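*Asks:*
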């Protein structure tokens, strides 16, 4: 079974990298991936997260002054 | 060969600068923030790290408020042309480089009013003169941190506090000081800090930037150019957020990788140590040159009141003759003439003749200074 995942979108890569540094520094596992087409036609990257951690990650980022564009769940993939 | 032209660009650079640039070309090389792949993200990380390191250097709270530009000149143009509107009044000094004077003279033709504070014959600015020039429509004070002609340090902190008291924006041209002198944008009351990467930050040419302080509303500041930023690609309007608003087009990523290594060199050595080295070097040079009656020195003639740059003339020789002979006979490379700052030369009373300029860096040794003094002594007695 797939774990439920989501993404955090940022206005630009500067904030995605600021977020990556902040969150990895706190020991969370996250990844940077291209923004899924269904969410935005932007050519940038976003942060792949475990959906259940969205509140704590959002709070961390907000506290660290990172600009966030949005938080979205990713559709579950069928096995 | 002795290189005494560090105020034009520092040379040599620390070896790690070149190594970082080669590593970027060999191992990363991609366009930062334009694609989601590994190398593109690595390139963007290089830029991000550089911005963060600069924010440590200049005590900037939010690194996104540091904009990369090709040089201090573009940073100054961006600050002046992005913020000033017809009817605004600007105060500057008579020691400015043409990177400040030329855009201001251009803006003057478009309805901006300009006041120029005369500095003393040694290039020293009395900060009280700034307040005397303030009018109801004054919007900005623009000063260089140190003169590229005489090396004179200007009292930016005193002026910064006055500018803040009168709610004026304060733009500092730190082309000659960033990396060699401690700059704290908060403590010094700086709203806009223009810096170059290729002088005392020991990065490559083609790097520089502008710090945009929190008192500046970036939405009210026009970019010099618009274009691709890697963000908001679905919109044809320029982003209104930092840093993207002012960073259109592919940046000089390989240069910025080198700049990062240069700044790290500065931070590793410590600005205090670098400054100490420069004070003792320039003082040795000043004391030596003062011994020759045929030599006339310009500027404060005091290592504590200037950076590691000075100007001089030899009585019977033109500056270009001196520079030519120093190079051909002694292998000493320096600059002669007006150094792109005609107002500064009028201030110290040597327009249009100009001066010979020696500008040192952390890499110049005492032996080189001794050799240069011997060379000047030879020319003075010729």
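Residue numbers (the working numbering), protein chains in the order written: chain A, 173 to 251; chain B, 592 to 973.
Glycine residues also receive a C-beta, built at the ideal position from the N, C-alpha and C atoms.
Just so you know, these numbers come straight off a predicted model, no measurement behind them.
To the nearest angstrom, how far is the alpha carbon of residue 830 of chain B from that of residue 205 of chain A?
*Replies:* 22 Å
*Asks:* Which bits of chain A does residue 840 of chain B rub up against, with CB to CB less than 7 Å?
*Replies:* None at all; the shortest Cβ gap to chain A is about 14 Å.
*Asks:* Is residue 245 of chain A helix, strand or coil when you go by DSSP?
*Replies:* strand
*Asks:* Going residue by residue through the region 919–969 of chain B, where are the continuous beta strand (DSSP E) segments of at least 3 residues, counting only ones entirely within it?
*Replies:* Annotation: the region 919–969 of chain B contains the following complete segments of the beta strand (DSSP E) (minimum length 3 residues), in chain order: 926–928 and 946–950.
*Asks:* From what residue to what residue does the beta strand (DSSP E) around residue 628 of chain B run?
*Replies:* Residue 628 of chain B -> no beta strand (DSSP E), and no H or E assigned at all.
*Asks:* Mind pulling the chain A residues with CB within less than 9 Å of residue 719 of chain B?
*Replies:* What residue 719 of chain B touches in chain A: nothing, since even the nearest Cβ is about 38 Å away.
*Asks:* Quick check on DSSP: helix, strand or coil for residue 793 of chain B?
*Replies:* coil
*Asks:* Closer than 8 Å, CB to CB, is residue 641 of chain B near chain A or not?
*Replies:* no
*Asks:* At a Cβ threshold of 8 Å, is residue 237 of chain A touching chain B?
*Replies:* yes
*Asks:* Decide if residue 251 of chain A is buried, meaning its Cβ has at least 16 other Cβ atoms within 10 Å, or exposed.
*Replies:* Low confidence applies here, because residue 251 of chain A scores a pLDDT of 47, under 50, leaving its location unreliable and the question unanswered by this model.
*Asks:* In chain order, which continuous runs of the alpha helix (DSSP H) of length 4 or greater are located wholly inside the region 722–806 of chain B?
*Replies:* 747–756
*Asks:* Taking all protein chains shown into account, decide if residue 920 of chain B is buried (16 or more other Cβ within 10 angstroms of its Cβ) or exposed.
*Replies:* exposed
*Asks:* Going along the chain, which residues of its own chain have a beta-carbon closer than 6 Å to the beta-carbon of residue 757 of chain B, five neighbours each way excluded?
*Replies:* 725
*Asks:* Using a Cβ distance threshold of 8 Å, determine whether the region 870–890 of chain B contacts the region 670–682 of chain B, with at least three qualifying pairs required.
*Replies:* no
*Asks:* Give the DSSP bridge partners of residue 887 of chain B, in chain order.
*Replies:* B/904
*Asks:* Please state the DSSP three-state secondary structure of residue 829 of chain B.
*Replies:* coil
*Asks:* Drop a sphere of 10 angstroms on the beta-carbon of residue 647 of chain B, count the other beta-carbons inside from all chains shown, and report buried for 16 or more, exposed for fewer.
*Replies:* Taking a 10 Å sphere around the C-beta of residue 647 of chain B, we find fewer than 16 other C-beta atoms and assign the residue as exposed.
*Asks:* Quick check on residue 965 of chain B: buried or exposed, where buried means 16 or more other Cβ atoms within 10 Å of its Cβ?
*Replies:* exposed
*Asks:* Closest by CA to residue 860 of chain B, which one among B/797, B/772, B/817 and B/744?
*Replies:* B/772
*Asks:* Please classify residue 889 of chain B: is it buried, with 16 or more other beta-carbons within 10 angstroms of its beta-carbon, or exposed?
*Replies:* buried
*Asks:* State the start and end residues of the unbroken alpha helix (DSSP H) segment that holds residue 664 of chain B.
*Replies:* Looking at the DSSP string, the run of the alpha helix (DSSP H) that includes residue 664 of chain B is 663–674.
*Asks:* If you compare alpha carbons, which of A/209, A/211, A/186 and A/236 is closest to residue 197 of chain A?
*Replies:* A/236
*Asks:* Using C-beta distances below 8 Å, list every residue in its chain close to residue 640 of chain B, excluding the 5 sequence neighbours before and after it, in chain order.
*Replies:* 851
*Asks:* Consult DSSP for residue 178 of chain A and reduce its assignment to one of helix, strand or coil.
*Replies:* strand
*Asks:* Out of curiosity, what's the CA-to-CA distance linking residue 741 of chain B and residue 913 of chain B?
*Replies:* 17 Å
*Asks:* Have a look at the DSSP bridge pairing and note the partners of residue 204 of chain A.
*Replies:* A/219
*Asks:* Which whole-angstrom value describes the C-beta separation of residue 949 of chain B and residue 895 of chain B, a residue pair presumed to lie in contact below a C-beta threshold of 8 Å?
*Replies:* Contact doesn't hold; Cβ gap of about 18 Å is too wide.
*Asks:* From residue 690 of chain B to residue 667 of chain B, what distance separates their C-alpha atoms?
*Replies:* Going from the Cα of residue 690 of chain B to the Cα of residue 667 of chain B covers about 7 Å.
*Asks:* Between which residues of its own chain and residue 864 of chain B is the CB-CB distance below 8 Å, once the five residues before and five after are set aside?
*Replies:* none
*Asks:* Does DSSP classify residue 817 of chain B as helix, strand or coil?
*Replies:* coil
*Asks:* For the region 186–207 of chain A, enumerate the residues whose C-beta is nearer than 9 Å to any C-beta of chain B, in chain order.
*Replies:* 186, 187, 188, 189, 190, 192, 193, 204, 205, 206 and 207
*Asks:* What does a CB cutoff of less than 6 Å around residue 874 of chain B pick up in its chain, not counting 5 residues either side in sequence?
*Replies:* 894
*Asks:* How would you write the range of the alpha helix (DSSP H) that residue 186 of chain A sits in, first residue to last?
*Replies:* 185–197
*Asks:* List, in chain order, every chain A residue whose beta-carbon is nearer than 8 Å to that of residue 636 of chain B.
*Replies:* Near residue 636 of chain B (Cβ distances below 8 Å), the residues of chain A are 189.
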